[in-house]
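Q: Structure incoming, see below.
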Amino acid sequence: MKIKILTFANIKNYTDDFLLEIDNTDNTTLKILKEKILETKPSIKEIIDNVAFAINQEYCTDDDHQINDLDEVALIPPVSGG
C-alpha cells in the first residue's frame, strides 16, 4: 500500500503538491519515510530538518516510530508568531 502524506503552507513549494504518496513496506519507520520523501522530492532537503511530522494528528519526533498503512502523516512547516 501507499502512505498518504499531507503537506501544508510553503512545503508545497518543495513538493509541488499538497498530497504525496509513498510506497509502504512492512518496516517503514519515520526515519525511513523521511529518506523516501527525500528520494522522491530532493528539493525538500532545504527544510526537512525544520519540518514537524504528525502521525494520526499527533506530533511525532521518534524516528523509530512504525508507520502503518492507514496512518495519516502530515508535514507541518515551522510556525512562529507572537
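First residue of the sequence shown: 1411, per the numbering used here; consecutive thereafter. Glycine is no exception: its CB is placed at the ideal position from the N, C-alpha and C atoms.
What is the DSSP secondary structure of L1429, reduced to helix, strand or coil?
A: Correct three-state label for L1429: strand.
Q: Taking the straight line between their C-alpha atoms, what separation do you get for D1426 and F1463?
A: Rounded to whole angstroms, D1426 to F1463 spans 18 angstroms at the Cα level.
Q: So, are the CB atoms of Q1476 and T1417 less than 8 angstroms apart?
A: Not in contact: Q1476 and T1417 (Cβ atoms no closer than 8 angstroms).
Q: Go ahead and pull the three-state DSSP assignment for L1480.
A: It is coil, neither helix nor strand.
Q: Which residues in the same chain as I1415 place their Cβ atom closer than 6 angstroms to its Cβ, once the five residues preceding and following it in sequence are excluded?
A: Cβ within range, chain order: L1430 and V1483.
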